[in-house]
Amino acid sequence: MSHPAPPVAVIGAGVVGLTTALAILRRGVPVTIYAQDPDAPQASSVAPAMFTPYAGPAPDRLRRWVESSWRSFVTLAARSPESGVSMSTLREAFYHRRPTEPWLADLLQPRPLPPRPPYALVRDTTRPAIDMLVYLPWLRGRATAAGAALVRRRLQRLHDAFDAGHRTLVHCAGLGAGPLASDPAVRPMHGQVVHAPNDIHLGHSIHDDAAAPGSAYVFRFPDRLVIGSTFQPDRPEPGTDEPTLDDILRRARALLALDGLPTPERLGAVRIQVRGAARPARGSAGVYEDVRLEAESLAGGRRIVHNYGHGRMGVTVSWGTAEEAADLALRP
Ligand SMILES: Cc1cc2nc3c(=O)[nH]c(=O)nc-3n(C[C@H](O)[C@H](O)[C@H](O)COP(=O)(O)OP(=O)(O)OC[C@H]3O[C@@H](n4cnc5c(N)ncnc54)[C@H](O)[C@@H]3O)c2cc1C
Numbered sequence: 011m012s013h014p015a016p017p018v019a020v021i022g023a024g025v026v027g028l029t030t031a032l033a034i035l036r037r038g039v040p041v042t043i044y045a046q047d048p049d050a051p052q053a054s055s056v057a058p059a060m061f062t063p064y065a066g067p068a069p070d071r072l073r074r075w076v077e078s079s080w081r082s083f084v085t086l087a088a089r090s091p092e093s094g095v096s097m098s099t100l101r102e103a104f105y106h107r108r109p110t111e112p113w114l115a116d117l118l119q120p121r122p123l124p125p126r127p128p129y130a131l132v133r134d135t136t137r138p139a140i141d142m143l144v145y146l147p148w149l150r151g152r153a154t155a156a157g158a159a160l161v162r163r164r165l166q167r168l169h170d171a172f173d174a175g176h177r178t179l180v181h182c183a184g185l186g187a188g189p190l191a192s193d194p195a196v197r198p199m200h201g202q203v204v205h206a207p208n209d210i211h212l213g214h215s216i217h218d219d220a221a222a223p224g225s226a227y228v229f230r231f232p233d234r235l236v237i238g239s240t241f242q243p244d245r246p247e248p249g250t251d252e253p254t255l256d257d258i259l260r261r262a263r264a265l266l267a268l269d270g271l272p273t274p275e276r277l278g279a280v281r282i283q284v285r286g287a288a289r290p291a292r293g294s295a296g297v298y299e300d301v302r303l304e305a306e307s308l309a310g311g312r313r314i315v316h317n318y319g320h321g322r323m324g325v326t327v328s329w330g331t332a333e334e335a336a337d338l339a340l341r342p
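Written out as structure tokens, the structure is:
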């Protein structure tokens, strides 16, 4: 005897889809997750990831998502360190001074440091660092342990999931959302990172705010450093290339030298692995995080909740957008 499909299907098993599935499961509703290849490189498995919001959504929504996610990650760091989430010091070096929203400063509690040319502002903050090599499998394990069925399937159209018997679809396909929702605002923004041992004994993470070819950073995790990155438009395929990786290391070494590290040239001399994938950006005219989070009501009581276009901050706002997507999916 075949069982009826659960009412809700989540499309996508990146950080956005898995977190959304978990938010729905925690409300007692079963979920099927569809993903074209849950094990292939995708933005979520390539991100290092540091808790870093970007302006793009309406200010009140961004604040709600960031504050909600902050609470979730701080709790995970305290109660579930096996999730790969920890609180860590990030040194930020800004070429240009820009104000921090008061609500965000309340969370980050910035500690200014003496200015160091060419930077106009240098400061330390403590924030969640999410080791995606640990966190993504942990999230998937939590979703399946809570009863989610994970189906390996590439949808040609969103309606394929309605045809399988689901009544509500939560659409979290990242870059795949462009073709699935016929949304021309979705754009690939490729990034590459190098994983290396912390044989330079770096005690904190550090990044700058260079716009092109992307900010330089070295993120410190308990067992390694992750060095990045680039922000390259219109390159959808995963992968890396040597000239770009060399340039990433050159910029990161210069950043560490300005920070006073005695042996920056040793950074990345030994590589553990390299990774590259496209971020699912959405927007135009310098906006890359115009997240689409809204419900679309269809005939016969069917519904699609779109939750995609997280660009550079999909991990950062994952819990906030997941909770709102769950509200929209389960609203009577
Ligand atoms: C180098 C790099 C550094 C980053 N650093 C950070 C950081 O420090 N902090 C931060 O918050 N974010 C960071 N990001 C951004 C972050 O990784 C993304 O915003 C986030 O991973 C997006 O998640 P997602 O689930 O929307 O998309 P993805 O992770 O791309 O997942 C999309 C899912 O949809 C599935 N899918 C797509 N099309 C279909 C289809 N037709 N049928 C079925 N399934 C489909 C895919 O298989 C996949 O499972 C970084 C990204 C990169 C690349």
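If you're matching positions, the sequence shown starts at 11 in my numbering and goes up one per residue.
For every residue, glycine included, the Cβ atom is placed at its ideal position computed from N, Cα and C.
Looking at the structure shown, is A336 part of a helix, part of a strand, or coil, going by DSSP? For the purposes of this step, residue 336 is identified with residue 326 of the sequence shown, where counting begins at 1. Reduced to three states, the DSSP call for A336 is helix.
Does A15 come out as helix, strand or coil in the three-state DSSP assignment? Numbered from 1 along the sequence shown, position 5 holds the residue referred to as residue 15. A15 falls in the coil class under three-state DSSP.
Can you give me the start and stop residues for the alpha helix (DSSP H) that R354 sits inside? What is shown of the chain runs 11 to 342, which leaves residue 354 out entirely.
Taking the C-alpha atoms as reference points, what is the distance between A115 and V76? Numbered from 1 along the sequence shown, position 105 holds the residue referred to as residue 115. Numbered from 1 along the sequence shown, position 66 holds the residue referred to as residue 76. Answer to the nearest angstrom: the Cα atoms are 12 Å apart.
Indicate whether R302 and Y318 have their beta-carbon atoms separated by less than 7 Å. Sequence index remark: in the sequence shown, residue 302 carries index 292 (1-based). Sequence index remark: in the sequence shown, residue 318 carries index 308 (1-based). Yes.
Nearest residue (CA-CA) to E102, options T136, S90 and E111: The count along the sequence shown starts at 1 and reaches residue 102 at position 92. Considering only alpha carbons, the answer is T136.
Tell me the DSSP bridge mates of L240? Here residue 240 is taken as the residue at index 230 of the sequence shown, counted from 1. As written in the sequence, residue 240 is Thr, which differs from the Leu given in the question. Per DSSP, none; premise fails for T240.
So, S54 versus V327, is the Cβ gap smaller than 7 Å? Here residue 54 corresponds to residue number 44 of the sequence shown, with the count starting at 1. Here residue 327 corresponds to residue number 317 of the sequence shown, with the count starting at 1. Taking 7 Å as the Cβ cut-off, S54 and V327 do not qualify as a contacting pair.
With distance defined between alpha-carbon atoms, name the residue in P122, G296, Q283 and V203 nearest to R260. Here residue 260 is taken as the residue at index 250 of the sequence shown, counted from 1. The shortest Cα separation from R260 among P122, G296, Q283 and V203 belongs to V203.
Would you mind working out which of F61, G278, L338 and G324 sits nearest A23, comparing C-alpha positions? Mapped onto the sequence shown, residue 23 falls at position 13. Comparing Cα-Cα distances from A23 to each of F61, G278, L338 and G324, the minimum goes to G324.
Could you check if M97 belongs to the surroundings of ligand 1, using beta carbon to heavy atom distance under 6 Å? Walking along the sequence shown from the start, residue 97 turns up at place 87. Not under cutoff, so the answer is no.
Same chain, Cβ closer than 6 Å to A291, five either side skipped, listed in chain order: Taking the sequence shown and counting its residues from 1, one reaches residue 291 at position 281. Answer for A291: R197, M199, Y298 and G321, listed in chain order.
Enumerate in chain order the residues of its own chain whose CB-to-CB distance from M11 is below 8 Å, with the five nearest sequence positions on each side excluded. Position 1 of the sequence shown, counted from the first residue, corresponds to residue 11. Summary for M11: the model assigns pLDDT 45, below 50, so the residue's position carries little reliability; its value from the coordinates is reported in the next sentence. Counting only Cβ-Cβ distances below 8 Å, and skipping sequence neighbours, we find nothing.
Among R276, H316 and G249, which one has its Cα closest to the Cα of A288? If you number the sequence shown from 1, residue 288 lands on position 278. Of the candidates R276, H316 and G249, the residue whose Cα lies closest to the Cα of A288 is G249.
Under the three-state reduction of DSSP, which class applies to T326: helix, strand or coil? Taking the sequence shown and counting its residues from 1, one reaches residue 326 at position 316. Reduced to three states, the DSSP call for T326 is coil.
At least three beta-carbon pairs within less than 8 Å, the stretch 124 to 138 to the stretch 36 to 44: Contact fails: fewer than three Cβ-Cβ distances are below 8 Å.
Excluding five sequence neighbours on each side, which residues of the same chain lie with their C-beta closer than 7 Å to the C-beta of N3? Residue 3 lies beyond the residue range present for the chain, which begins at 11 and ends at 342; the question has no answer from this structure.
Nearest to S215 by CA position, among Q52, T30 and L271, is which residue? By 1-based counting over the sequence shown, the position of residue 215 is 205. Among Q52, T30 and L271, the Cα nearest to that of S215 is on L271.
Check whether the Cβ of H320 lies closer than 6 Å to any heavy atom of ligand 1, and answer yes or no. Reading the sequence shown from its first residue, position 310 is the one you call residue 320. Within the cutoff, so yes.
In the structure shown, what three-state DSSP assignment does L212 receive? Here residue 212 is taken as the residue at index 202 of the sequence shown, counted from 1. Three-state DSSP puts L212 in coil, outside helix and strand.
Within 10 angstroms of its Cβ, does R313 collect 16 or more other Cβ (buried), or is it exposed? Position 303 of the sequence shown holds residue 313. That one is buried.
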